[in-house]
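Here the structure is laid out as structure tokens; the discussion comes afterwards.
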Amino acid sequence: MLRHLTRNDSVRSDDCSRYAAGHRVHWIHAKKCRQEPGQAVEILLTSGDVRDDGWVELRAAFDYAGDLPAVWTHAPAALRETLAGHRGRVYLLARWHALKLEYGDGEGTVTGGAGAGNAGAGGAVGLVNVAYEGGELCEAEAGGDRAGGRALLA
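For reference, each letter of the sequence shown is one residue, going 5 to 158 in the working numbering.
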């Protein structure tokens with residue numbers, strides 16, 4: 005289940021203050037993802053698709069989407085934890101270098117979970133900022149101390 009949602013419905017990390025690609029989602033970034041999402045490609049994503057080095061293998065839910073790029077995140081363990089509890093759709097917003105995690109019925113109705121009451125465009129309850137180039141894992145991830153398991157993605 006997604007936890008620690010900010011006011012702009014992005015998942016925050018208590019251990020990372022960077023807004024660079026693959027790190028935290030800035031409020032303007034989140035706003036653009038909602039207002040002008042561009043082409044959203046539905047993907048099949050599980051916690052097993054996230055490698056320890058932060059690289060994530062994306063698989064399209066439908067054949068017509070073609071090949072998708074691998075993406076990188078600063079906090080792979082946190083993304084695995086988030087995906088393990090996520091029961092909904094996941095979309096790649098390539099224009100904004102973001103993954104959009106949804107709960108709900110696809111009609112904007114959130115059916116439960118941490119995002120209940122945050123119904124919006126498709127019931128989106130979380131955004132994950134990703135990069136197309138690797139970077140430095142956040143200190144807490146690299147050291148294995150994740151603030152008592154509370155640190156989730158940005």
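All C-beta atoms in this analysis are idealised placements derived from N, C-alpha and C, irrespective of residue type, glycine included.
Between the C-alpha atoms of residue i and residue j, what's the straight-line distance to the nearest angstrom?
i	j	result
F66	L48	9 angstroms
L83	R93	15 angstroms
R91	Y107	7 angstroms
L103	S21	19 angstroms
A64	D19	31 angstroms
Y68	P41	19 angstroms
T50	A34	23 angstroms
V45	V29	19 angstroms
L62	T86	16 angstroms
W31	V132	12 angstroms
Starting from residue i, trace the alpha helix (DSSP H) in both directions and tell me its first and last residue.
i	result
L87	80 to 89
A34	31 to 39
Return yes when the Cβ of residue j is within less than 8 angstroms of the Cβ of residue i, no when it is not.
i	j	result
C37	W100	yes
A98	Q43	yes
G89	L141	no
From which residue to which residue does the beta strand (DSSP E) around residue i run?
i	result
A102	102 to 106
E61	Element bounds for E61: n/a, residue is neither H nor E.
E46	44 to 48
V94	94 to 97
State the CB to CB distance for the pair residue i and residue j, rounded to an integer number of angstroms; the pair is presumed to be in contact (CB under 8 angstroms).
i	j	result
L105	G130	4 angstroms
R55	P80	7 angstroms
V60	D71	That pair is no contact at about 15 angstroms.
Is residue i near the ligand PLP - that is, is its Cβ less than 7 angstroms away from at least one heavy atom of it?
i	result
Q43	This structure simply doesn't include the ligand PLP, nor any ligand for that matter.
Any 3 or more C-beta pairs closer than 8 angstroms across the region 135 to 143 and the region 18 to 32:
Touching, yes.
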